[in-house]
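As structure tokens, the structure follows; a few thoughts come after it.
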Amino acid sequence: MIWLTWRQFRAQAVTAAAALAVFAVLLAVTGPHLASLYAASGITGCHGGSCGQLASNFLSQVGTGLYPAVYLLGIAGIVLAPAVIGIFWGAPLIAREFEAGTFRLAWTQSITRTRWLAVKLALTGLAAMAITEALSLIQAWWAAPIGQAARLATDSNFPLGMSPFSLLAFDAHGITPLGYAAFAFTLGVTAGVLIRRTVPAMAITLAIFAAVQVAMPLSIRPHLFPPDHTTAALSSFSSLPTQIRPNGGFAFGVDYLPSQPGAWILSGGAVNAAGQPVSTSPAACRSEAITGSPAWTPCLTSHGIRIAVSYQPTSRYWALQLTETAIYVALALVLASYCFWRLSRRPS
Amino acid sequence: MTAVLETRGLGKRYRRLWALSDCTLSIPAGHVVGLVGPNGAGKTTLLNLAAGLLLPTTGTAEVLGGPPPANPAQLARLGFLAQDAPVYAGLSVADHLRLGADLNPRWDEELARHRIERLDLDLGQKAGKLSGGQRAQLALTLAIAKRPELLLLDEPVASLDPLARREFLQDLMEAVAEQDLSVVLSSHLIADLERVCDYLIVLVGSRVRVAGPVEELLATHHLLSGPRRDPATLPAGQQVISASHTDVQTTLLVRTSDPVLDPAWTVSEVGLEDLVLAYMSQAAGPGRRNHHLGVQK
Chain A
0 MIWLTWRQFR
10 AQAVTAAAAL
20 AVFAVLLAVT
30 GPHLASLYAA
40 SGITGCHGGS
50 CGQLASNFLS
60 QVGTGLYPAV
70 YLLGIAGIVL
80 APAVIGIFWG
90 APLIAREFEA
100 GTFRLAWTQS
110 ITRTRWLAVK
120 LALTGLAAMA
130 ITEALSLIQA
140 WWAAPIGQAA
150 RLATDSNFPL
160 GMSPFSLLAF
170 DAHGITPLGY
180 AAFAFTLGVT
190 AGVLIRRTVP
200 AMAITLAIFA
210 AVQVAMPLSI
220 RPHLFPPDHT
230 TAALSSFSSL
240 PTQIRPNGGF
250 AFGVDYLPSQ
260 PGAWILSGGA
270 VNAAGQPVST
280 SPAACRSEAI
290 TGSPAWTPCL
300 TSHGIRIAVS
310 YQPTSRYWAL
320 QLTETAIYVA
330 LALVLASYCF
340 WRLSRRPS
Chain B
0 MTAVLETRGL
10 GKRYRRLWAL
20 SDCTLSIPAG
30 HVVGLVGPNG
40 AGKTTLLNLA
50 AGLLLPTTGT
60 AEVLGGPPPA
70 NPAQLARLGF
80 LAQDAPVYAG
90 LSVADHLRLG
100 ADLNPRWDEE
110 LARHRIERLD
120 LDLGQKAGKL
130 SGGQRAQLAL
140 TLAIAKRPEL
150 LLLDEPVASL
160 DPLARREFLQ
170 DLMEAVAEQD
180 LSVVLSSHLI
190 ADLERVCDYL
200 IVLVGSRVRV
210 AGPVEELLAT
220 HHLLSGPRRD
230 PATLPAGQQV
240 ISASHTDVQT
250 TLLVRTSDPV
260 LDPAWTVSEV
270 GLEDLVLAYM
280 SQAAGPGRRN
290 HHLGVQK
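First to last, the protein sequences are chains A and B. For the first sequence, the residue numbers in numbering that gives the first Met the number 0 are 0 to 347. For the second sequence, the residue numbers in numbering that gives the first Met the number 0 are 0 to 296.
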């Protein structure tokens, strides 16, 4: 059965290996130069306050031209790989057998269909996980200097470089690609088992996987662990995007926390001395002359206004990665079990 | 007499349509059995149920003395050639032999190689590029080389041209002669069955209309023609299968194990095709069940 699975999977495996090779070559060609720029930047061995500036300099140096393009291309490849695998490996795996009627040939050999499915799922599924994680590891190696610098930088113009928790960076690095690949693949297989036609199964796979991949970072991931809360003085922020509204209204866009570089900011805004959110200036800071001037934030501070932030600290990165991956792997196992149950009941 | 396939009240429903309902039959071992019936009689459903590819909605099926195959040992004893002879279009002939060798412990490599050679199939040829006849031969090779005790063939020649059909059936006969093999072969083409089958089952609307060894069926069915008379006046031992009348003449197909002695009749032999058609049209009478689904899902 291993041979048959491999024989049926061979063409897809060769395509995937070729894609992986192209990806690896592209990053291997551009990676060393990026690393040499990092070595020359002086970040290694920097002390205290100079590190942030050096890191920012490095990031702006590589922040234009080739590197952002390769960086984004790499991230896109990793994020899209599970979807492609679900569509082109998962959905046809069983649907194709139904469409061509070959399940009648396969299931009347001297082998149970449970074993038939087990070998197909295991080999193809593990290949799916391996190739996605390989993409991720290659890209992580390439992007390591950028990640190092992003953790130290005081501000950054580099796309997606701010935090390992950034929307796509979290999806593309660590172990989550393993979970996504396992889930997308079994989702495709399940759609094929249920719909029994390849093309509709592909469409359903893409629709569901895309919906899950949007819902996870936006609605589920922030709540996997209760966030930490802290407050910080306005003066501790070197940059604080500010929106001024009529009649003393204002709002701050908080996207980082100086005391927790790299932390994942879930929400942040101004609070008064009592800890309640405020959106209007105290009367004393409201005059035209003061609002927006350098004297304005000290004025707010003198009236007890601070920034409150809820966030996930960087120390929780691996716990979040593990939890999220476990959720996806569990979903994949549920889907696979359903396929076994469904096929052992025979198609009706 | 042991049965290779025995069903009791077997039924299969797809949503609201019954593809097979309340089918009770027994197929004896050691024969090449023709399962004949009109489209929609439930032949394909019956064979798929017997092969374990479908689960019955009602009733039971016994194959080779046990339930329809579900474990490797049972599966090894059954060869199945599905309708339209499915093979993997992207795999070569050699790949299919490798597949058979890998998945069947009783695989007879020599037999398989020999057959492929004799059929003049190119080992490197992709199965998707084979002609319909060659594809059927390849699928049959897989089914035979696993050395089953029972071979189920679902409409194996329906899609073949007359020449390929003849070659296929001849080839099947040779394989049966070489091996101790029971065969059940479904078809709606009676002429084909006549050539290869020694046992016949006529299935109409899930019901067995007649079953028996071909020789016996031919020996006990007679075509009587004579002056017009009421079929009800025949002797008790003579069962009328079909009757047609003109103004002056009556023609009857009767089944009887006794000789027909009435000198008023001209007795002639009946061909298998006429016999089957008589049973099929008999079923088309008042008792016809028209809610059967013909297609195999």
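For each residue, glycine too, the CB sits at the ideal point set by N, CA and C.
- Listed by position along chain A, the residues whose Cβ is nearer than 7 Å to that of ASN103(B) are GLN108, SER109.
- Along the stretch 1-17 of chain A, the positions whose C-beta sits under 9 Å from a C-beta of chain B are ILE1, TRP2, LEU3, ARG6, GLN7, ALA10, read in chain order.
- Using a CB distance cut-off of 7 Å, LEU205(A) does not count as an interface residue toward chain B.
- Under the Cβ distance rule, LEU104(A) counts among the residues neighbouring chain B, one pair being separated by less than 7 Å.
- Between LEU217(A) and ALA152(A), the CB-CB gap reaches or exceeds 7 Å.
- Cβ contact annotation for LEU330(A) (same chain, cutoff 7 Å, sequence separation greater than five): PHE182, in chain order.
- In terms of beta-carbon proximity, ALA242(B) stays away from the interface with chain A, with every pair separated by 7 Å or more.
- The C-beta separation of THR324(A) from ILE174(A) comes to about 5 Å, placing the pair in contact by the 8 Å criterion.
- Beta-bridge partners assigned by DSSP to ARG206(B): VAL203(B).
- Beta-bridge partners of GLY65(B) (DSSP): VAL62(B).
- Taking a Cβ-Cβ cut-off of 8 Å, PHE167(B) has no neighbours in chain A, whose nearest Cβ is about 17 Å from it.
- The C-beta separation of SER309(A) from PRO226(A) comes to about 4 Å, placing the pair in contact by the 8 Å criterion.
- TRP88(A) is classed as buried because its beta carbon has at least 16 other beta carbons within 10 Å across all chains shown.
- LEU74(B) belongs to the set of residues whose beta carbon lies under 7 Å from a beta carbon in chain A.
- With respect to the 7 Å criterion, ILE86(A) and LEU256(A) are not classified as neighbours on the basis of their beta carbons.
- Annotation: Cβ neighbours of LEU90(B) in chain A (cutoff 8 Å, chain order): ARG6, GLN7.
- DSSP links ILE306(A) through a beta bridge to ALA231(A), ALA269(A).
- Around the Cβ of GLN248(B), a 10 Å sphere holds fewer than 16 other Cβ atoms; the residue is exposed.
- By the beta-carbon neighbour count (other beta carbons within 10 angstroms, threshold 16), ASP153(B) is buried.
- Against chain B, the CB of GLY100(A) has a partner CB under 7 Å away; the residue lies at that interface.
- The stretch 42-59 of chain B and the stretch 217-224 of chain B do not touch, with fewer than three beta-carbon pairs separated by less than 8 Å.
- Going by DSSP, ARG7(B) is part of the beta strand (DSSP E) stretching over 2-13.
- With a threshold of 16 other beta carbon atoms within 10 Å, TRP340(A) falls short and is exposed.
- For ALA111(B), no chain A residue has a C-beta closer than 8 Å to its own C-beta; the minimum C-beta separation is roughly 13 Å.
- For TYR198(B), DSSP records a beta bridge to VAL32(B), PRO212(B).
- The beta carbon of LEU260(B) does not come within 7 Å of any beta carbon belonging to chain A, so the residue lies off that interface.
- In this structure the stretch 119-137 of chain B touches the stretch 80-89 of chain B; the number of beta carbon pairs closer than 8 Å is three or more.
- If you ignore the 5 residues before and after GLY65(B), its C-beta comes within less than 8 Å of the C-beta of GLN73, all in its own chain and listed in chain order.
- Residue contact with chain A for PRO71(B): present (Cβ-Cβ distance below 7 Å to some residue of chain A).
- Buried is the label assigned to SER109(A), since at least 16 other Cβ atoms lie within 10 Å of its Cβ.
- Contact note: LYS145(B) reaches chain A through GLN108, SER109, using a C-beta cutoff of 8 Å and chain order.
- Looking only at ILE145(A), ILE130(A), SER314(A), the smallest Cα-Cα distance to HIS32(A) is reached by ILE145(A).
- At a cut-off of 7 Å between beta-carbon atoms, PRO85(B) makes contact with chain A.
- Of the candidates GLY291(A), SER235(A), ARG305(A), the residue whose Cα lies closest to the Cα of PRO276(A) is ARG305(A).
- Taking C-beta separations shorter than 7 Å and ignoring five residues to either side along the sequence, the partners of TYR66(A) in its chain run LEU33, following chain order.
- Around the beta carbon of LEU26(A), 16 or more other beta carbons sit within 10 angstroms, so the residue counts as buried.
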